[in-house]
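Data block below; observations after.
Residue numbers (the working numbering): 445 to 480.
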């Protein structure tokens, strides 16, 4: 399963994504993108 977490700046996307990964017993890949 692939989940895309989107939202505005400083909206808690990373925290939410990390919580989703923590709840999963499957292999997880966490990738973040940011504009410089």
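All C-beta atoms in this analysis are idealised placements derived from N, C-alpha and C, irrespective of residue type, glycine included.
Item	Value
DSSP state of residue 465 mapped onto helix, strand, coil	helix
8 Å contact criterion, which residue 476 and residue 458 should meet: CB distance rounded	6 Å
Local conformation of residue 454 per DSSP, three classes	coil
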